[in-house]
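Reading through the structure tokens given below for one structure.
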Amino acid sequence: MDLSVVDLSPVPRDGTATDAYANTVEAATQAERLGYSRFWVAEHHGMASTLAGTTPEVLLGHLAAETDSIRLGSGAVLLNHYSPFKVAEQFGALDGLAPGRIDAGLGRANGSPASDQALGTDRHVEDPDGDHAEKVEAVINHLYDDYPDEHPYADLEIPRSGGDPPVPWVLGSSPSSATIAGELGLPYCFAGFIRPQFAVHSFEEYRESFQSSTLAGGIDEPHGMVAVNAVCAETDEEAARLRAVAEATYKRMRRGEVGTRPTVEEAIDELGGVPEPTPATLGAKEWPRAISGSPETVSGLLDQLAERVGADEMMIQHVVGDHEDGLRSHELLAEGVGLV
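Here's what the structure looks like:
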């Protein structure tokens, strides 16, 4: 299967953003070496103590210089905070730095009221879905120089490589984002680690609403990817132990403790023990927030999840207590799915 990585640039305990970015670079070069298809970086605001990934467009420029062939992209640029023209300029510049291997992952999300206010974001949009669809379309029209001659923006140009332009993706975690992707005729990536209960419905909505695209950069047939929180270790039991960090982090978020991440030992203590290993076979209605296992187990689970929703690609996101555990997880998973 085509397998990719999305990286959040977690800040190590007692570390800094510099350490986080160095780890992201190491993860990207490893992913390229192992044969992963894409390496995306995320955007979060107001979580500096745990996540340093605030500006994908900056980090991707650095990753472009550190890699040679892997596709690089945003998972996602949060378009509700920005001007479509500026976002298009950013991806045009990235295309100039890494010709033919940039993915423009376009999403939306509100952070805390303070971070949204600091970003100048209007949190009360009358038609949020319509507004987002218009912004996605505007980014593409700018990026591909595809405004009609009579449009006020027709003479605006975006600096680019002159090769294959960045590929636009719509990212989301709900059926509404799937509808936008389908109606615009664009590839769709579903964040299965945020709202796993909507995965099947979202992909059904994507396929049902899909229209062959009239946009430059659009596609003729649906093409979807699911991002899954997954951690791999030599045994199912050890992988479940590492998964405790993701489980405890989610419980903290539910309690309003945003921006904290426990160690493995702290997570196990908070959970009252090591989580049960993820079953090798999931029931028809099961969609766990996080999965874990040996290379064989996780590979089989990814196949099941991809088949269940009809996804063409899978992407791995993880929340682990230690950077080395994350690298080892990616290495084992690459072996499990046959990338190496």
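First residue of the sequence shown: 10, per this note's numbering; consecutive thereafter.
The C-beta atom is built at its ideal place from N, Cα and C for all residues, glycine as well.
Supposed close pair residue 261, residue 269 - CB separation, criterion 8 Å: The residue given as residue 261 occupies position 252 in the sequence shown. The residue given as residue 269 occupies position 260 in the sequence shown. The pair is a contact, with the Cβ atoms about 6 Å apart (cut-off 8 Å).
Opening and closing residue of the beta strand (DSSP E) in which residue 60 lies: Residue 60 sits at position 51 when you count from the first residue of the sequence shown. Neither: residue 60 is in no beta strand (DSSP E) and is coded neither H nor E.
Three-state secondary structure assigned by DSSP to residue 176: The count along the sequence shown starts at 1 and reaches residue 176 at position 167. The three-state secondary structure of residue 176, taken from DSSP, is strand.
Three-state class that DSSP yields for residue 261 in the structure shown: Taking the first residue of the sequence shown as 1, we reach residue 261 at position 252. Residue 261 falls in the helix class under three-state DSSP.
Other residues of its chain near residue 147: CB distance less than 6 Å, five sequence neighbours each side excluded: Within the sequence shown, numbered from 1, the residue matching residue 147 stands at position 138. Scanning its chain for C-beta atoms nearer than 6 Å, with the 5 sequence neighbours on each side dropped, one finds around residue 147 the residues 93, in chain order.
Counterpart residues of residue 112 in DSSP-defined beta bridges: By 1-based counting over the sequence shown, the position of residue 112 is 103. Paired residue(s): 82, 176.
Sub-8 Å separation of residue 176 and residue 199 beta-carbons: Here residue 176 refers to the residue found at position 167 of the sequence shown. Here residue 199 refers to the residue found at position 190 of the sequence shown. One thing to note: residue 176 has its Cβ no nearer than 8 Å to the Cβ of residue 199.
Distance, residue 159 Cα to residue 45 Cα: Residue mapping note: residue 45 aligns to position 36 of the sequence shown, counting from 1. Residue mapping note: residue 159 aligns to position 150 of the sequence shown, counting from 1. Between the C-alpha atoms of residue 45 and residue 159 there is a straight-line separation of about 43 Å.
Host beta strand (DSSP E) of residue 12 (start-end): If you number the sequence shown from 1, residue 12 lands on position 3. That run of the beta strand (DSSP E) goes 11-16.
Environment of residue 188 [buried if 16+ CB atoms lie within 10 Å]: Along the sequence shown, one-based indexing puts residue 188 at 179. When all chains shown are included, residue 188 counts as buried.
Stretch-stretch touch, CB-based, cutoff 8 Å, three pairs: the segment 247-260 with the segment 328-339: Result yes; three or more Cβ-Cβ pairs closer than 8 Å.
Inter-stretch contact (C-beta, 8 Å, three-pair minimum) for the segment 52-60 and the segment 11-22: Yes: at least three Cβ pairs fall under 8 Å.
For residue 234: DSSP bridge partner residues: Here the question's residue 234 lines up with position 225 in the sequence shown. Under DSSP, residue 234 shares a beta bridge with 198, 322.
Cβ neighbours of residue 266 in the same chain (closer than 6 Å, five flanking residues each side left out): Counting from one through the sequence shown, the residue named residue 266 turns up at place 257. In its own chain, leaving out the 5 sequence neighbours on each side, no residue places its CB closer than 6 Å to the CB of residue 266.
Simplified DSSP state of residue 87, which is helix, strand or coil: The residue you call residue 87 lines up with position 78 of the sequence shown. The answer is strand: DSSP assigns residue 87 an E or B state.
For residue 228, three-class secondary structure by DSSP: Your numbering for residue 228 matches position 219 in the sequence shown. Residue 228 carries a coil assignment under DSSP once its states are collapsed to helix, strand and coil.
Whole-Å CB distance - residue 13 paired with residue 41, under 8 Å assumed: Position 4 of the sequence shown, counted from the first residue, corresponds to residue 13. Position 32 of the sequence shown, counted from the first residue, corresponds to residue 41. 11 Å between Cβ atoms; not a contact.
Rounded straight-line distance, which links the Cα of residue 166 to that of residue 154: In the sequence shown, residue 154 corresponds to position 145, counting from 1. In the sequence shown, residue 166 corresponds to position 157, counting from 1. About 6 Å.
Supposed close pair residue 320, residue 191 - CB separation, criterion 8 Å: As a working mapping, residue 320 is identified with position 311 in the sequence shown. As a working mapping, residue 191 is identified with position 182 in the sequence shown. Going by Cβ atoms, the distance from residue 320 to residue 191 rounds to 14 Å, so no, they are not a contact pair.
Burial state of residue 122, where buried means 16 or more other Cβ atoms lie within 10 Å: Looking up residue 122 in the sequence shown gives position 113. That one is exposed.
Residue 223, buried or exposed, once every other Cβ within 10 Å from all chains shown has been counted against 16: Indexing the sequence shown from 1 puts residue 223 at position 214. Exposed is the call here.
Exposure label - residue 242; buried when at least 16 CB within 10 Å: On the sequence shown, position 233 is the one that residue 242 refers to. Buried, by the Cβ-count rule.
Sheet register partners of residue 302 (DSSP bridge): Translated into the one-based positions of the sequence shown, residue 302 becomes position 293. In DSSP, residue 302 forms a bridge with 241.
For residue 252, three-class secondary structure by DSSP: Here the question's residue 252 lines up with position 243 in the sequence shown. Residue 252: helix per DSSP, three-state reduction.
Other residues of its chain near residue 168: CB distance less than 7 Å, five sequence neighbours each side excluded: As a working note, residue 168 is residue 159 in the sequence shown. Here residue 168 has 101, 102, 105 as same chain residues with Cβ atoms under 7 Å from its own Cβ, once five neighbours each way along the sequence are excluded.
Option nearest residue 210 by Cα separation, candidates 69, 70, 318: The residue you call residue 210 lines up with position 201 of the sequence shown. When only C-alpha atoms are compared, the closest one is 318.
For residue 100, the first and last residue of its enclosing alpha helix (DSSP H): The residue given as residue 100 occupies position 91 in the sequence shown. Start and end: 93-106.
Three-state class that DSSP yields for residue 50 in the structure shown: What you label residue 50 is simply residue 41 of the sequence shown in a count that begins at 1. For residue 50, the secondary structure class from DSSP, reduced to helix, strand or coil, is strand.
Residue 151 burial status per 10 Å Cβ neighbour count (16 or more: buried): Locating residue 151 in the sequence shown gives position 142, counting from the first residue. Buried: at least 16 other Cβ atoms inside 10 Å.
Residue 308 classed as buried or exposed, judged by whether at least 16 other C-beta atoms fall within 10 angstroms: Along the sequence shown, read from residue 1 onward, the residue named residue 308 stands at position 299. Residue 308 comes out buried.
C-beta atoms of residue 335 and residue 304 nearer than 8 Å: Looking up residue 335 in the sequence shown gives position 326. Looking up residue 304 in the sequence shown gives position 295. No, the Cβ-Cβ distance between residue 335 and residue 304 is not below 8 Å.
Selection from 98, 181, 238, 74 that minimises the alpha carbon distance to residue 118: As a position in the sequence shown, residue 118 is number 109, starting the count at 1. Closest option to residue 118, Cα to Cα, is 181.
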